[in-house]
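For reference, the structure is listed below as structure tokens.
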Amino acid sequence: MNATTPTDSTEASKASQSDGFAIRVGQSAKRIATSVIPISGGASALLFGVTMFLAIFGVVMVFAASSVEARQGGGSFISAFMRQGLFTVLGIPMLLLAARMPEPFYRRFAIWGVLLGMGLQLLVFTPLGEEIQGNRNWLNLGFATLQPSEFLKLALCLWIGYVLFMKSDRIRQFLHAWWPVGLVAGVAIVLVMLGRDFGTVVIMVGLVFGAMMFAGVRLRHLIAPFAVLAVLAIPVVLSSGSRVRRLQHFFDGCTEAEYFDGCWQQLHGTWAMSGGGLFGVGLGNSRAKWNWLPEADSDYIFAIVAEELGMIGATAVLLLYVVMAFAFIRIIREAQSTFTKSVAGAVMTWIVGQALVNIAVVLGLLPVLGVPLPLVSAGGSQTLATLIAVGVVLALVRADRQRQQDGEKPEDVILSVQAKGRA
260 MNATTPTDST
270 EASKASQSDG
280 FAIRVGQSAK
290 RIATSVIPIS
300 GGASALLFGV
310 TMFLAIFGVV
320 MVFAASSVEA
330 RQGGGSFISA
340 FMRQGLFTVL
350 GIPMLLLAAR
360 MPEPFYRRFA
370 IWGVLLGMGL
380 QLLVFTPLGE
390 EIQGNRNWLN
400 LGFATLQPSE
410 FLKLALCLWI
420 GYVLFMKSDR
430 IRQFLHAWWP
440 VGLVAGVAIV
450 LVMLGRDFGT
460 VVIMVGLVFG
470 AMMFAGVRLR
480 HLIAPFAVLA
490 VLAIPVVLSS
500 GSRVRRLQHF
510 FDGCTEAEYF
520 DGCWQQLHGT
530 WAMSGGGLFG
540 VGLGNSRAKW
550 NWLPEADSDY
560 IFAIVAEELG
570 MIGATAVLLL
580 YVVMAFAFIR
590 IIREAQSTFT
600 KSVAGAVMTW
610 IVGQALVNIA
620 VVLGLLPVLG
630 VPLPLVSAGG
640 SQTLATLIAV
650 GVVLALVRAD
660 RQRQQDGEKP
670 EDVILSVQAK
680 GRA
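Given below as structure tokens:
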């Protein structure tokens with residue numbers, strides 16, 4: 260047998276201490292990360308990771324798409340980049356803060372939130388309101404513009420989720436499912452419609468139905484109201500000459516005479532994507548952004564992505580939204596609370612649905628609606644609202660899983676809330 264020398268014993272002791280130190284550092288880092296990024300692993304971590312990637316990618320693409328027009332407009336070529344970067348830098352801490360808030364906070368805030376959202380939306384019809392490209396859907400605050408409808412979406416998600424949560428045992432009945440959800444959501448949607456922002460209206464209608472469907476409302480109880488809304492949408496669409504022209508161009512195509520009247524954006528968006536080929540012309544090398552493609556950094560930023568990063572880059576962006584949808588669906592399937600299911604379903608329909616609508620418009624699969632690509636397009640309001648909405652979902656998931664670990668049932672929470680309300 261070989262005797263162990265003092266030197267060998269000392270080296271083994273040092274190695275053991277080194278390994279123990281590394282383990283302690285790793286555990287400390289994990290605790291710090293968990294306290295800063297309040298996610299419970301699995302689908303939550305996937306949702307958080309995809310959201311962060313899209314937000315950072317959006318800042319890069321806004322810079323690539325806007326630098327030329329910003330410079331030609333008399334400003335700095337990095338002005339749009341700095342503005343979008345600022346909102347993203349503000350939005351990420353707000354996401355983290357939202358993810359740390361307890362679930363009762365969102366239940367208490369739901370009613371006041373939707374009232375505040377509708378109040379802000381009413382302000383667009385005052386002298387504070389600003390009309391951009393025919394839509395009166397912005398507030399001019401002097402130092403910045405605010406789009407209240409983006410935050411009204413989030414307020415609706417929470418309010419509908421709260422109402423359906425409190426009616427969990429009755430939402431399988433038609434009247435209980437739609438009262439008062441239909442009334443309040445209808446008023447909020449009409450306020451946005453009065454500002455002539457039809458694209459946002461479509462997304463809001465979608466999130467309402469998404470919230471109710473994932474909460475457990477019967478499918479047949481959703482079909483009839485949807486059919487009624489589809490019929491009511493016909494005169495709304497026909498009341499606007501620009502919407503009628505968009506539909507005509509979508510169904511009949513563009514003639515040479517209409518090249519400058521309604522078809523310019525759609526055609527140049529298509530040409531930009533086709534010019535990118537498989538691998539793209541390179542980041543920052545877009546030709547369409549040289550005043551050829553209107554709204555290159557907002558509604559049509561996906562065309563710039565396809566031109567600069569090619570079909571591979573555009574497909575990767577589309578797949579990121581698919582992964583986000585997968586994360587949301589896992590969250591909804593694993594959740595026990597109707598509140599979590601409904602809010603997560605509404606936010607998923609809002610973000611992923613809006614992304615699919617935007618991409619379909621750029622690809623020519625839908626008429627032009629004028630909705631941005633969430634987290635990627637330029638826009639401070641949509642960036643902040645989307646990031647906060649993801650944070651809210653993360654908070655509800657964490658609370659739902661904590662209840663499951665504690666053995667608490669959603670029915671117990673409902674009874675507790677009702678008891679506090681009677682007290």
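The opening position of the sequence shown corresponds to residue 260 in my numbering, with each subsequent residue numbered one higher.
Cβ atoms here follow ideal geometry from the backbone N, Cα and C, with glycine treated the same way.
Just so you know, these numbers come straight off a predicted model, no measurement behind them.
- For secondary structure counted as the beta strand (DSSP E) over 3 or more consecutive residues, the region 440 to 467 holds no complete run.
- Nearest neighbour of A603 by Cα position, chosen from I647, A562 and M532, turns out to be I647.
- Cα atoms of R660 and S601: separation of roughly 16 Å, rounded to the nearest angstrom.
- Counting only runs of at least 3 residues, the region 472 to 516 fully encloses no beta strand (DSSP E) element at all.
- Here V348 is exposed, its C-beta having fewer than 16 other C-beta atoms within 10 Å.
- In the displayed model, I430 falls within coil according to three-state DSSP, outside both helix and strand.
- Assignment of L375 by DSSP, reduced to helix, strand and coil, places it in the helix class.
- In this structure G376 is buried. Its beta-carbon is surrounded by 16 or more other beta-carbon atoms within 10 angstroms.
- Between the alpha carbons of V582 and V309 lies a distance of about 8 Å.
- Going by C-alpha positions, T574 is about 10 Å away from L537.
- Ranked by how close their Cα comes to the Cα of S499, the residues S326, G393 and F336 have G393 in first place.
- In this model, E567 and A547 are separated by some 10 Å (Cα to Cα).
- Rounded to the nearest angstrom, the gap between the Cα atoms of G350 and G534 is 34 Å.
- In the structure shown, the three-state DSSP call for G650 is helix.
- Of L466, G623 and L374, the smallest CA-CA separation from W530 is found for G623.
- Under the 10 Å beta carbon count, W371 is surrounded by fewer than 16 other beta carbons and is classified as exposed.
- N396: member of the beta strand (DSSP E) spanning N394 to N399, first to last residue.
- Counting C-beta pairs with one atom in each stretch, the region 583 to 593 and the region 606 to 623 have three or more that are closer than 8 Å, which means they touch.
- Rounded to whole angstroms, the separation of the alpha carbons of Q432 and F346 is 42 Å.
- In the three-state reduction of the DSSP assignment, E554 falls in the coil class.
- The C-alpha of C513 is placed about 35 Å away from the C-alpha of G445.
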